[in-house]
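Participant:
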Amino acid sequence: MTRHTTCATRPASPATDMFSRIVTSALFAGFCAGLVAAALQLLFVQPVLLHAELYESGQLAHFGAAPVSAHPDLGGIDLVRDGLSVVFNMLLYCGYALVMVALMSTRDNINARTGLLWGIAGFVTVHLAPAFSLPPEVPGVAAADVVARQLWWAATIIATGVAVWLIAFGKSWTAWGAAVVLMLAPHLVGAPEPESFTGPVPPEIAGLFAARALGSGLAVWTALGALCGYFWSREALTSPAPRAA
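Residue 8 is where the sequence shown starts when you use our numbering, and the numbers rise one by one after that.
1) Could you name the residues of the same chain whose beta carbon sits closer than 6 Å to that of L99, not counting the 5 residues immediately before and after it, in chain order?
2) Which residues bound the alpha helix (DSSP H) around F35?
3) Applying the criterion that 16 or more other CB atoms from any shown protein chain within 10 Å of the CB defines a buried residue, is G236 buried or exposed?
4) Helix, strand or coil for R280? Go by DSSP, reduced to three states.
5) Short of 6 Å in beta carbon distance, which residues of its chain neighbour N96, apart from the five on each side in sequence? Order them along the chain.
6) Please say whether A192 and A166 have beta carbons closer to each other than 8 Å?
7) If distances are taken between C-alpha atoms only, which option among A33, L57 and P21 comes closest to E144?
8) Throw me the rounded Cβ distance for the A233 and L123 pair, which I believe falls under 8 Å.
9) How would you call P137, buried or exposed, if buried means at least 16 neighbouring beta carbons within 10 angstroms?
10) Output the distance between the C-alpha atoms of S92 and T181, rounded to the nearest integer angstrom.
11) So P54 is in the alpha helix (DSSP H); what residue range does that whole segment cover?
12) Assuming G129 and M107 make a contact with CB atoms under 8 Å, what is their CB distance in whole Å?
13) Are the segment 172-186 and the segment 152-159 touching by the rule of at least three beta carbon pairs closer than 8 Å?
14) Hey, Y5 and G147: beta-carbon distance below 8 Å or not?
15) Going straight from the alpha carbon of L49 to that of L231, what length do you get?
16) State yes or no: is the C-beta of T113 within less than 8 Å of the C-beta of I164?
17) Under the assumption that C101 contacts A33 (Cβ atoms under 8 Å), give the Cβ distance between them as a whole number of angstroms.
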């Protein structure tokens, strides 16, 4: 007598389904936002950065030098450099998207419209708050030890991220007061500074770089938030309903 065994495929667990939705949404959103970031960087930020490198290397003098617009060759295409920039931006924003979508999964009513607010909050946390005391720097300017700056930058992002979360979802004055303290604490402590502010790069170039870096960051993070909200809501619609036990 032959025994026949029937094998049934077990449905994915809710945790596995949730993880799959988070990863899928984040990869799509991060890929698209990374392309936006790469385009803005190549068009607006990189020419200023390359211009500053000319001062750093001594190819341009501080006084009497032409502005960025007088060097159109700085925006030329370098396949290796520009290709690596595109890949790096996509990987970076896929990582940011994973964090954002994971946080979104804990809240209700997430869509592209509400995602815009998440994106602005991400920009404030990762770009604007650290730049308040440690603005984006071009090559050739005086700067403190890189390890000290990285530690301060990371601590500021964590403190600001928690503060933004408490402001958005806190339900008491205690939570909001703690948010204010967390947001101010890194700047009251102060970012690491060099012993003296010197360097061959004109301050106009440094200011333009900081402005374009922050402006591009706002655009990309807003797009990232909207994309994360959109793909997360789409995944929620297409995800199979949980089976009754």
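Don't be surprised by glycine CBs; every beta carbon is placed ideally from N, CA and C.
Facilitator: Working from what's here:
1) none
2) P21 to L47
3) buried
4) No answer is possible for residue 280: it lies beyond the span of the chain, which begins at 8 and ends at 252.
5) G41, A44 and A45, listed in sequence order.
6) yes
7) With distances taken between Cα atoms, E144 lies closest to L57.
8) 5 Å
9) Buried, by the Cβ-count rule.
10) 43 Å
11) Q53 to E63
12) 6 Å
13) Remark: fewer than three beta-carbon pairs, one from each stretch, lie closer than 8 Å, so the segment 172-186 and the segment 152-159 are not flagged as touching.
14) Outside the modelled stretch of the chain, which goes from 8 to 252, sits residue 5, for which no answer is possible.
15) 18 Å
16) I164 sits away from T113, with the two beta carbons spaced by 8 Å or more.
17) Sure, about 6 Å apart at Cβ, within 8 Å.
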